[in-house]
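Participant: Okay, handing you the structure first.
In our numbering, the protein residues as written are 2 to 312.
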């Protein structure tokens, strides 16, 4: 008998995209039973009723936390493998789930398998290129990548994992659960499973459509939280080097401009996209510098800088 697989989704007021996520999960072509499990944190927009219409079991969560809620989903799940999505990460194909699970067959010690993000249609060029470049760098030949680095020296490809499009082996999780941290619970899990002697796999063809078109302030706060989490997990502090930061900013904007010039977009659109590119990379640099130094900032400043309003 083939073991079932669980698709687990933390939800709070998932909106229209949640329907797309649930529809795509139910359209997957796979030769095993699929359990759909939703952890809902006080939704008021009908997300609970929607999830149940798609056959999901709903686990009420009073207080959400990135690691704690996912541990609760793991405890409740029936599957030998639990595949995590977020409420706005839509599987891009009907073989997404099967492709992700194929990663566990690459080696007996694989604990984690994750896939790539594709930008939403119409996303800013800076957002699209950032995702394409990052995930493209993980597997330049387009083949699955296996990592077993037991002593990684900081954040990067060797320790990357995402719980927005990632699968976890129950057997490994029973030994190495998610840390109950404010942010970067997926990066912490990857580091912990590697140190425990497991491997992880990047499956480039297991894609979800998942990107954000943030305002400048919201982007800053999101990046602040991301880099704050990386500092807590890895002890990493983004170097402060204005000259190098400026060179990096110029390089990224030029790369975006080259992409725009290769498109058929009218000049007015190119101008707006270029301005957005400058903003995107500037805000990203500022958020990384501040977030990786959050432990040096007053609690009130951290709360203001955090998208999740955490001290």
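Glycine included, C-beta positions come from ideal geometry on N, C-alpha and C.
List, from N- to C-terminal side, the alpha helix (DSSP H) runs of 4 residues or more that fit wholly inside the stretch 137-203.
Facilitator: Segments of the alpha helix (DSSP H) lying fully in the stretch 137-203: 171-176, 186-196.
Participant: Using C-beta distances below 7 Å, list every residue in its chain close to residue 95, excluding the 5 sequence neighbours before and after it, in chain order.
Facilitator: The residue given as residue 95 occupies position 94 in the chain shown. Correct list, in chain order: 28, 29, 30.
Participant: Could you check whether the stretch 147-154 touches the stretch 43-55, counting it as contact only if at least three pairs of C-beta atoms, one from each stretch, sit closer than 8 Å?
Facilitator: No contact exists between the stretch 147-154 and the stretch 43-55.
Participant: Got a sec? Which residues, its chain only, sit under 8 Å from residue 56 by beta carbon, not counting five neighbours each side?
Facilitator: Position 55 of the chain shown holds residue 56. These residues qualify, in order along the chain: 27, 37.
Participant: Which first and last residues belong to the beta strand (DSSP E) in which residue 227 is found?
Facilitator: In the chain shown, counting from the first residue as 1, residue 227 sits at position 226. First-last for residue 227: 217-235, but that is the alpha helix (DSSP H), not the beta strand (DSSP E).
Participant: Considering only the alpha carbon of each residue, which of 167, 212, 128 lies closest to residue 205?
Facilitator: In the chain shown, residue 205 corresponds to position 204, counting from 1. Nearest option by C-alpha distance: 167.
Participant: Excluding sequence positions up to five away, which residues of its chain have a Cβ less than 8 Å from the Cβ of residue 90?
Facilitator: To locate residue 90, count along the chain shown from 1; it is residue 89. Closer than 8 Å at the Cβ level, and outside the excluded window around residue 90, lie 22, 118, 165, 166, 209, 210, 211.
Participant: Please confirm whether residue 313 and residue 88 have their CB atoms less than 9 Å apart.
Facilitator: The structure shown does not extend to residue 313, since the chain is modelled only from 2 to 312, so the question has no answer here.
Participant: Is residue 68 near the ligand COA, judged by its Cβ being under 8 Å from some heavy atom?
Facilitator: In terms of ligand content, the structure shown is empty, and the ligand COA therefore cannot be addressed.
Participant: First and last residue of the alpha helix (DSSP H) that includes residue 207?
Facilitator: The residue labelled residue 207 in the question sits at position 206 within the chain shown. From DSSP, residue 207 is part of no alpha helix (DSSP H); its letter is neither H nor E.
Participant: In angstroms with no decimal places, state the Cα-to-Cα distance between residue 98 and residue 203.
Facilitator: The residue given as residue 98 occupies position 97 in the chain shown. The residue given as residue 203 occupies position 202 in the chain shown. Answer to the nearest angstrom: the Cα atoms are 13 Å apart.
Participant: Can you give the Cα-Cα distance for residue 279 and residue 12, rounded to whole angstroms?
Facilitator: Mapped onto the chain shown, residue 279 falls at position 278. Mapped onto the chain shown, residue 12 falls at position 11. Cα to Cα, residue 279 sits roughly 33 Å from residue 12.
Participant: Count the other CB atoms within 10 Å of the CB of residue 264; is the residue buried (16 or more) or exposed (fewer)?
Facilitator: If you number the chain shown from 1, residue 264 lands on position 263. Answer is exposed; the Cβ neighbour count stays below 16.
Participant: Going by DSSP, what residue range makes up the alpha helix (DSSP H) through residue 325?
Facilitator: Since the first and last residues shown for the chain are 2 and 312, residue 325 lies out of range.
Participant: Below 6 Å CB to CB, which residues in the same chain sit around residue 312 once its five sequence neighbours on both sides are set aside?
Facilitator: Indexing the chain shown from 1 puts residue 312 at position 311. Because residue 312 sits at a pLDDT of 46, beneath the cut-off of 50, its placement in the model cannot be relied upon, and the point is left open.
Participant: In the DSSP assignment, what residue or residues form a beta bridge with residue 41?
Facilitator: Numbered from 1 along the chain shown, position 40 holds the residue referred to as residue 41. 12, 61, per the DSSP bridge assignment.
Participant: My assumption, with CB atoms under 8 Å, is that residue 256 sits in contact with residue 146. Please give the rounded CB distance.
Facilitator: Locating residue 256 in the chain shown gives position 255, counting from the first residue. Locating residue 146 in the chain shown gives position 145, counting from the first residue. So it is not a contact: roughly 23 Å between Cβ atoms.
Participant: With 16 as the cutoff for other CB atoms within 10 Å, does residue 216 come out buried or exposed?
Facilitator: Position 215 of the chain shown, counting from 1, holds the residue named residue 216. Residue 216 should be labelled exposed.
Participant: With distances taken from CA atoms, which of 109, 285, 20 is nearest residue 223?
Facilitator: Counting from 1 along the chain shown, the entry for residue 223 is found at position 222. Measuring from the Cα of residue 223, the nearest candidate turns out to be 285.
Participant: Give the DSSP-derived three-state secondary structure of residue 36 in the structure shown.
Facilitator: Start at 1 with the first residue of the chain shown, and residue 36 comes out as number 35. In the structure shown, residue 36 sits in a strand (DSSP, three-state: E or B).
Participant: Can you grab the Cα-Cα spacing for the pair residue 112 / residue 159, in whole Å?
Facilitator: In the chain shown, the residue the question calls residue 112 occupies position 111. In the chain shown, the residue the question calls residue 159 occupies position 158. So the two alpha carbons sit approximately 14 Å from each other.
Participant: So, under 8 Å CB-CB, residue 291 and residue 230 are touching, yes? Tell me the CB distance rounded to an integer number of Å.
Facilitator: Position 290 of the chain shown, counted from the first residue, corresponds to residue 291. Position 229 of the chain shown, counted from the first residue, corresponds to residue 230. At roughly 13 Å, the Cβ-Cβ gap does not stay under 8 Å, so residue 291 and residue 230 are not in contact.
Participant: Quick one: using the 10 Å Cβ neighbour count with 16 as the cut-off for buried, is residue 276 buried or exposed?
Facilitator: The residue given as residue 276 occupies position 275 in the chain shown. Residue 276 comes out exposed.
Participant: Give me the DSSP bridge partner(s) of residue 114.
Facilitator: Counted from its first residue, the chain shown places residue 114 at position 113. 168, 202, per the DSSP bridge assignment.
Participant: Determine, for residue 15, whether the minimum Cβ-Cβ distance to residues of chain C falls below 9 Å.
Facilitator: Considering every chain present, this structure includes no chain C. It has just one protein chain.
Participant: Looking only at C-alpha atoms, which of 248, 244, 126 sits nearest to residue 261?
Facilitator: Position 260 of the chain shown, counted from the start, is the residue given in the question as residue 261. Here the closest residue by C-alpha is 126.
Participant: Check the DSSP bridge columns for residue 92 and list the partner residues they point to.
Facilitator: Here residue 92 is taken as the residue at index 91 of the chain shown, counted from 1. Residue 92 pairs with 209.
Participant: Taking residue 102 as part of the alpha helix (DSSP H), name the residues at either end of that continuous run.
Facilitator: Taking the chain shown and counting its residues from 1, the one referred to as residue 102 is at position 101. Its alpha helix (DSSP H) spans residues 97-103.
Participant: Taking the CB atoms as reference points, tell me whether residue 102 and residue 84 lie closer together than 9 Å.
Facilitator: As a working note, residue 102 is residue 101 in the chain shown. As a working note, residue 84 is residue 83 in the chain shown. Cβ distance < 9 Å, so residue 102 and residue 84 count as in contact.
Participant: Can you list, in chain order, the residues of its chain whose CB lies under 8 Å from that of residue 198, leaving out five sequence neighbours each side?
Facilitator: Along the chain shown, one-based indexing puts residue 198 at 197. For residue 198, where only same-chain residues beyond five positions count, the Cβ hits under 8 Å are 110, 151.
Participant: If you drop the 5 nearest sequence neighbours on each side, which residues of the same chain put their C-beta closer than 7 Å to that of residue 221?
Facilitator: Here residue 221 refers to the residue found at position 220 of the chain shown. Hits under 7 Å: 284, 287, 288.
Participant: Please name the residue in 294, 201, 181 whose C-alpha comes closest to that of residue 139.
Facilitator: Working through the chain shown from its first residue, we reach residue 139 at position 138. Measuring from the Cα of residue 139, the nearest candidate turns out to be 201.
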